[in-house]
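**Student:** Please see the structure below; I have some questions.
Number of protein chains: 2
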Amino acid sequence: MPPTSDARDRMIRSGAQLFRERGVSGTSFADVLEHSGAPRGSVYHHFPGGKDEFAIEVTRYAGGLIGGALRGALEGDDPVAAVRSFADMWIGVLESGEYAAGCPVVAVAVDAAPGPGTRAAAGDAFAAWESDLAVVLVRRGVGEDRARSLATLVLSGIEGAIVLCRAQGSAEPLRRVAGELATVVGAAVAGSRPPA
Amino acid sequence: MPPTSDARDRMIRSGAQLFRERGVSGTSFADVLEHSGAPRGSVYHHFPGGKDEFAIEVTRYAGGLIGGALRGALEGDDPVAAVRSFADMWIGVLESGEYAAGCPVVAVAVDAAPGPGTRAAAGDAFAAWESDLAVVLVRRGVGEDRARSLATLVLSGIEGAIVLCRAQGSAEPLRRVAGELATVVGAAVAGSRPPA
DNA sequence: GACGTTCTATGCAGGTCTGTATAGAACGTG
DNA sequence: CACGTTCTATACAGACCTGCATAGAACGTC
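Chains as they are written, first to last, in the working numbering: chain A, 1443 to 1638; chain B, 1443 to 1638.
Structure follows, in structure tokens:
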């Protein structure tokens, strides 16, 4: 027995992609089926809770995926490099997709269509990312409160900049924000523990 | 002759409110009519271009409204106070609305449903806000490039934090971000022109 | 008071969306 | 091979949405 159905997985991955481009309300099951090639009959088999359940699963999947990328960037315990690398990843996403695709978790947070569980799943994803960032900052000597507030700034700044980039059809906002964030984080780390 | 119809104005204002809560795709003309009390027959009279035209008008209106609030906060030529005041305004919006309402311009930027003109209108609004901020920073002695990049950081940080607040049902992310932004902006201004 | 413009009333067509129901295939297990 | 579980096929109901068309009201102007 496969742990999870192939069609189900494909639907979730397609959902994440479509949410990024069109938002939740703007994405119908028909869109997901067409994009994933999943069979029509299996929608309410795999997601008996309907669109709400589907959106929650997509949010969890996307949260884990992006969280994995973030943890990868944080592996060297160098928060400045991690900020740059995480931002560069997003710049790649924006540029390769003609600025049509953003962050699926933001899309979920901004769209009120689905039930409260979906919003909560988005909040969980953000909290996890923030925590990952803060842990590394603390490890580099930044105080817990400051680390938390810096982590929130980095996340908010990058996510907000992605929105600006989409609206303006340019990656420049994110480039500028990444530079500023690198400076701020670098100063905080340097002020806590002298540079290696 | 009234410069613009009353029903038309009411529709636009209602649209801004509904976009903030439900996004663009999540808002139908039926919702707008119910919320505004505007007469059904006048939708395609006032907005012959349909939903695209309506969304563009809503975006322009919201961009001007929020831009006005931002310029008000910037009146004292004190960027640090302006950041705090602008963030406080958003905290008020979030708390008074149970974290259901965010920024309508973000909603437009993230939703791909309408045509490209709508996205562009959102980009124009962001650009105008950013310019307003940068102008005051330059006036306080910050170099042009730095001012621009700081302005982008402030805008991205606040808009991103609003999204986090909605997802987590708390204003704390925005409070943390506002504190960090005030510090960064304060340092930039102090470094350019000695404090009054 | 006739007229033109602006706005509103109402109905409808065509399409799409979610969600349900029912039946059939695929497939491993014994 | 009989069986149960998991998955898929298909049709459909009911609601909603956009956009159009046509007719009527309101109102200022001459």
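Even glycine gets a Cβ: it sits at the ideal position worked out from N, Cα and C.
Just the C-alpha distance for Ala1624/A and Leu1597/A, rounded to the nearest angstrom, thanks.
**Tutor:** Here residue 1624/A refers to the residue found at position 182 of the first sequence. Here residue 1597/A refers to the residue found at position 155 of the first sequence. Looking at the two C-alpha atoms, the distance is approximately 12 Å.
**Student:** Between Ser1591/B and chain A, is any beta-carbon pair separated by less than 8 Å?
**Tutor:** Numbered from 1 along the second sequence, position 149 holds the residue referred to as residue 1591/B. At a cut-off of 8 Å, the C-beta of Ser1591/B has a neighbouring C-beta in chain A.
**Student:** For a quick check, are the C-beta atoms of Ala1458/B and Arg1502/B less than 8 Å apart?
**Tutor:** Working through the second sequence from its first residue, we reach residue 1458/B at position 16. Working through the second sequence from its first residue, we reach residue 1502/B at position 60. Taking 8 Å as the Cβ cut-off, Ala1458/B and Arg1502/B do not qualify as a contacting pair.
**Student:** Report yes or no: is there a C-beta of chain A within less than 8 Å of the C-beta of Gln1459/B?
**Tutor:** For the purposes of this step, residue 1459/B is taken as residue 17 along the second sequence, with counting starting at 1. Not an interface residue.
**Student:** Can you tell me which of the three DSSP states Ser1456/B falls into?
**Tutor:** One-based indexing of the second sequence puts residue 1456/B at position 14. Helix, per DSSP.
**Student:** In chain order, which continuous runs of the alpha helix (DSSP H) of length 4 or greater are located wholly inside the stretch 1546-1590 of chain B?
**Tutor:** Complete alpha helix (DSSP H) runs here, min 4: 1546-1552 and 1558-1581.
**Student:** What separation, rounded to the nearest whole angstrom, lies between the Cα atoms of Ser1538/B and Ser1573/B?
**Tutor:** Walking along the second sequence from the start, residue 1538/B turns up at place 96. Walking along the second sequence from the start, residue 1573/B turns up at place 131. Put simply, the backbone Cα of Ser1538/B is about 29 Å away from that of Ser1573/B.
**Student:** Beta carbons nearer than 7 Å to chain A: which residues of the stretch 1551-1567 of chain B have them?
**Tutor:** Ala1551, Val1552, Asp1553, Ala1554, Ala1555, Arg1561, Ala1564 and Gly1565
**Student:** State the Cα-Cα distance for the pair Ile1508/B and Glu1476/B, rounded to the nearest angstrom.
**Tutor:** Here residue 1508/B corresponds to residue number 66 of the second sequence, with the count starting at 1. Here residue 1476/B corresponds to residue number 34 of the second sequence, with the count starting at 1. Using only the alpha carbons, I get a separation of about 24 Å.
**Student:** Under 9 Å between beta-carbons, which chain B residues line up against Gly1465/A? List them in chain order, please.
**Tutor:** On the first sequence, position 23 is the one that residue 1465/A refers to. Those within 9 Å of Gly1465/A in chain B are Gly1465, Val1466, Ser1467, Gly1468, Ala1549, Val1552, Asp1553, Ala1554 and Ala1555.
**Student:** Considering only their Cβ atoms, is the gap separating Ala1551/A from Glu1463/A smaller than 8 Å?
**Tutor:** Taking the first residue of the first sequence as 1, we reach residue 1463/A at position 21. Taking the first residue of the first sequence as 1, we reach residue 1551/A at position 109. No, the Cβ-Cβ distance between Glu1463/A and Ala1551/A is not below 8 Å.
**Student:** Pick from Ser1456/A, Val1466/A, Thr1469/A and Phe1496/A: whose alpha carbon is nearest that of Gly1479/A?
**Tutor:** The residue you call residue 1479/A lines up with position 37 of the first sequence. If we check each option's Cα against that of Gly1479/A, Ser1456/A comes out closest.
**Student:** Could you check whether the stretch 1602-1622 of chain B touches the stretch 1515-1529 of chain B, counting it as contact only if at least three pairs of C-beta atoms, one from each stretch, sit closer than 8 Å?
**Tutor:** Yes, the stretch 1602-1622 of chain B is in contact with the stretch 1515-1529 of chain B.
**Student:** Run the CB neighbour count on Gly1506/A, radius 10 Å, all protein chains shown included, and call it buried at 16 or more, exposed below.
**Tutor:** Start at 1 with the first residue of the first sequence, and residue 1506/A comes out as number 64. Answer is exposed; the Cβ neighbour count stays below 16.
**Student:** Residue range of the alpha helix (DSSP H) that Ser1478/A falls in?
**Tutor:** For the purposes of this step, residue 1478/A is taken as the residue at position 36 of the first sequence. Phe1471 to Ser1478 is the span of the alpha helix (DSSP H), which, as asked, contains Ser1478/A.
**Student:** Please return the same chain residues whose Cβ sits closer than 6 Å to the Cβ of Ser1484/A, not counting the five positions on each side in sequence.
**Tutor:** Taking the first residue of the first sequence as 1, we reach residue 1484/A at position 42. Correct list, in chain order: Ala1449.
**Student:** Give the residues from the stretch 1517-1530 of chain A that approach chain B closer than 7 Å (Cβ to any Cβ), ordered along the chain.
**Tutor:** none
**Student:** Per DSSP, what kind of secondary structure is Phe1528/A in: helix, strand or coil?
**Tutor:** Here the question's residue 1528/A lines up with position 86 in the first sequence. Looking at Phe1528/A - three-state DSSP - the assignment turns out to be helix.
**Student:** So Val1466/A and Ala1497/A are supposed to be a Cβ contact under 8 Å. How far apart are they, rounded?
**Tutor:** The residue labelled residue 1466/A in the question sits at position 24 within the first sequence. The residue labelled residue 1497/A in the question sits at position 55 within the first sequence. About 6 Å separates the two Cβ atoms, so the contact holds.
**Student:** Hey, would you say Val1500/B sits closer than 8 Å to Pro1546/B, going by beta carbons?
**Tutor:** Sequence index remark: in the second sequence, residue 1500/B carries index 58 (1-based). Sequence index remark: in the second sequence, residue 1546/B carries index 104 (1-based). The answer is yes: Cβ separation under 8 Å.
**Student:** In chain order, what residues of the same chain have a beta carbon less than 6 Å from the beta carbon of Arg1561/A, not counting five sequence neighbours either side?
**Tutor:** Translated into the one-based positions of the first sequence, residue 1561/A becomes position 119. None.
**Student:** Does Val1474/B get closer than 8 Å to chain A when you measure Cβ to Cβ?
**Tutor:** Position 32 of the second sequence, counted from the start, is the residue given in the question as residue 1474/B. Not closer than 8 Å to any Cβ of chain A, the Cβ of Val1474/B fails to qualify, so no.
**Student:** Residues of chain A with CB under 7 Å from Pro1615/B, in chain order?
**Tutor:** In the second sequence, counting from the first residue as 1, residue 1615/B sits at position 173. Those within 7 Å of Pro1615/B in chain A are Thr1594 and Ser1598.
**Student:** Could you say if the stretch 1581-1600 of chain B and the stretch 1581-1592 of chain A meet the contact criterion of at least three C-beta pairs nearer than 8 Å?
**Tutor:** no
**Student:** Rounded to whole angstroms, how far is the Cβ of Leu1595/A from the Cβ of Glu1622/B, which I believe are closer than 8 Å?
**Tutor:** Along the first sequence, read from residue 1 onward, the residue named residue 1595/A stands at position 153. Along the second sequence, read from residue 1 onward, the residue named residue 1622/B stands at position 180. Leu1595/A to Glu1622/B, Cβ: 4 Å. Contact.
**Student:** Note the first and the last residue of the continuous alpha helix (DSSP H) segment covering Glu1499/A.
**Tutor:** Along the first sequence, one-based indexing puts residue 1499/A at 57. Where Glu1499/A is concerned, the enclosing alpha helix (DSSP H) stretches over Gly1492 to Ala1515.
**Student:** DSSP three-state call for Val1466/A: helix, strand or coil?
**Tutor:** Here residue 1466/A refers to the residue found at position 24 of the first sequence. Three-state result, Val1466/A: coil.
**Student:** If you run the structure through DSSP and keep just helix, strand and coil, what is Ala1613/A?
**Tutor:** In the first sequence, residue 1613/A corresponds to position 171, counting from 1. Looking at Ala1613/A - three-state DSSP - the assignment turns out to be coil, as it is neither helix nor strand.
**Student:** Taking the straight line between their C-alpha atoms, what separation do you get for Trp1571/A and Ser1634/B?
**Tutor:** Translated into the one-based positions of the first sequence, residue 1571/A becomes position 129. Translated into the one-based positions of the second sequence, residue 1634/B becomes position 192. Answer to the nearest angstrom: the Cα atoms are 35 Å apart.
**Student:** Between which two residues does the alpha helix (DSSP H) containing Tyr1486/A stretch?
**Tutor:** Looking up residue 1486/A in the first sequence gives position 44. Here the alpha helix (DSSP H) through Tyr1486/A covers Val1485 to His1488.
**Student:** Check the Cβ-Cβ distances between Leu1579/A and every residue of chain B, and say whether any is below 8 Å.
**Tutor:** Numbered from its first residue, the first sequence carries residue 1579/A at position 137. Closer than 8 Å: no.
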